[in-house]
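In this note's numbering, the protein residues as written are 7 to 340.
Where a beta carbon is used, it is the ideal one built from N, C-alpha and C, also for glycine.
These notes are about the structure you will find just below.
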């Protein structure tokens, strides 16, 4: 049982992590005139530099040798790196192209997409309320498609790439910082090659827009890794269900920034679509918390024997309450 002080530190770190992820739309426009592809490449290169320095400092390298001796896990890390490249690139482009609200929707619907993928790919069984939440989410996408005049492809790409990333990462079972190091190591050479190609054609803003701009591009590594460090501190101190509630801070902040700071339009049909998404998430979270609470009461009864299956059910309920595990997928965050 964690002390009150430990839980307080965990909550502060949780707020810091999700707050930074939620406010990151303010950062990407600062990197203009660099295009989304150049920003993405710098993020890959400098993230590896940052986490490599961090790992040298804490002397955590044993995992790298083990990973290199396991081709299947290495292949999964490669898939994760490819998926996260899509996620990062689409998000950066969306923010700098004036689609912050639609990008925030991707992280709102991600838990629903994760559950749907669990049913389709892992043959998981859902409770009635979960089916209702998924159905309401599908209706929301239909309403938003009508409102936008097209499918909300930015949201869907972010949600499905994030969900796929989480699914792959659960198979890899590697810690957050280590995972980010492995993924960016795979991304590093293609990203560096692209930057060198831009430079050879005189299109590299890193070298032409002054030291301030270069410093901002280099800081993409810190912007990527620092929230992860805070999240790691939170994850070991607060329950998964608490982290599950905190995770909605990021898309809420992004949504509010899109409306009030970037001035994006929200016609009535878009409000209706978002309202349906929020209803679906409310149902999903309520059901998961209720199930976890019920199972906890059962295993704390003196006459009840705590079986392996019951413990597993409690953990699964807590996991559903928390949504997709950010510790396994921090770099998928914007």
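What three-state label does DSSP hand residue 225 in the structure shown?
Against the chain shown, residue 225 aligns to sequence position 219. Three-state result, residue 225: coil.
Just to confirm my understanding: we take residue 252, look at its own chain, exclude 5 residues before and 5 after, and list those with CB closer than 6 Å. What are they?
Locating residue 252 in the chain shown gives position 246, counting from the first residue. Counting only residues of its own chain and dropping the five nearest sequence neighbours on each side, residue 252 has a CB closer than 6 Å to the CB of 20, 24.
Residue 209: buried (16+ other C-beta within 10 angstroms of its C-beta) or exposed?
Position 203 of the chain shown, counting from 1, holds the residue named residue 209. With a threshold of 16 other beta carbon atoms within 10 Å, residue 209 falls short and is exposed.
Verify the contact flag: residue 154, CB atom, against every heavy atom of the ligand NAD, threshold strictly below 7 Å.
Looking for the ligand NAD in the displayed structure turns up nothing, as the structure carries no ligands at all.
Applying the criterion that 16 or more other CB atoms from any shown protein chain within 10 Å of the CB defines a buried residue, is residue 274 buried or exposed?
Locating residue 274 in the chain shown gives position 268, where the first residue counts as 1. By the 10 Å Cβ count, residue 274 comes out exposed.
Are at least three pairs of beta-carbons, each pair with one atom in the region 184 to 202 and one in the region 80 to 88, less than 8 Å apart?
yes
To the nearest angstrom, how far is it from the Cα of residue 44 to the Cα of residue 150?
For this step, residue 44 is matched to residue 38 along the chain shown. For this step, residue 150 is matched to residue 144 along the chain shown. The straight-line gap from Cα to Cα measures roughly 31 Å.
Taking residue 167 as part of the alpha helix (DSSP H), name the residues at either end of that continuous run.
Against the chain shown, residue 167 aligns to sequence position 161. Element bounds for residue 167: 159 to 178.
Three-state secondary structure assigned by DSSP to residue 243:
By one-based count along the chain shown, residue 243 stands at place 237. Residue state, collapsed to three classes: coil.
Three-state class that DSSP yields for residue 185 in the structure shown
Here residue 185 corresponds to residue number 179 of the chain shown, with the count starting at 1. Reduced to three states, the DSSP call for residue 185 is helix.
Through-space distance from residue 16 to residue 241, alpha-carbon basis
Stepping through the chain shown from its first residue, residue 241 is reached at position 235. Stepping through the chain shown from its first residue, residue 16 is reached at position 10. Those two C-alpha atoms are separated by around 7 Å.
Count the other C-beta atoms from every protein chain shown that fall within 10 angstroms of the C-beta of residue 267, then say buried if there are 16 or more, exposed otherwise.
Along the chain shown, read from residue 1 onward, the residue named residue 267 stands at position 261. Exposed, because fewer than 16 other Cβ atoms sit within 10 Å of the Cβ of residue 267.
Classify residue 12 as buried or exposed, calling it buried when 16 or more other Cβ atoms lie within 10 Å of its own Cβ.
Within the chain shown, residue 12 is the residue found at index 6, counting from 1. Result: exposed.
Count the CB pairs spanning the region 217 to 224 and the region 84 to 102 that are closer than 8 Å, and state whether there are at least three.
no
Can you check whether the CB of residue 279 is closer than 8 Å to the CB of residue 197?
Locating residue 197 in the chain shown gives position 191, counting from the first residue. Locating residue 279 in the chain shown gives position 273, counting from the first residue. Judged by beta-carbon spacing, residue 279 lies beyond the 8 Å limit of residue 197, meaning their Cβ atoms are not closer than that value.
Could you tell me the alpha carbon to alpha carbon distance between residue 178 and residue 185, rounded to whole angstroms?
To locate residue 178, count along the chain shown from 1; it is residue 172. To locate residue 185, count along the chain shown from 1; it is residue 179. Cα to Cα, the separation comes out at about 9 Å.
According to DSSP, is residue 14 helix, strand or coil?
Here residue 14 is taken as the residue at index 8 of the chain shown, counted from 1. Of the three classes helix, strand and coil, the one that applies to residue 14 here is helix, per DSSP.
Can you tell me whether residue 39 is helix, strand or coil according to DSSP?
Residue 39 sits at position 33 when you count from the first residue of the chain shown. Coil, per DSSP.
How many whole angstroms separate the CB atoms of residue 27 and residue 231, which I take to be in contact at a CB cut-off of 8 Å?
By 1-based counting over the chain shown, the position of residue 27 is 21. By 1-based counting over the chain shown, the position of residue 231 is 225. Actually they do not touch by this definition, with Cβ atoms about 12 Å apart.
Following the continuous alpha helix (DSSP H) through residue 99, name the residue where it begins and the one where it ends.
To locate residue 99, count along the chain shown from 1; it is residue 93. Unbroken alpha helix (DSSP H) run through residue 99: 77 to 102.
If you follow the alpha helix (DSSP H) that residue 142 is in, where does it begin and where does it stop?
Stepping through the chain shown from its first residue, residue 142 is reached at position 136. Residue 142 -> alpha helix (DSSP H) spans 134 to 154.
Helix, strand or coil for residue 194 per DSSP?
By one-based count along the chain shown, residue 194 stands at place 188. In this structure, residue 194 counts as helix in the three-state DSSP scheme.
Buried versus exposed, by CB contacts within 10 Å (16 or more), residue 108
Mapped onto the chain shown, residue 108 falls at position 102. Per the 10 Å Cβ criterion, buried.
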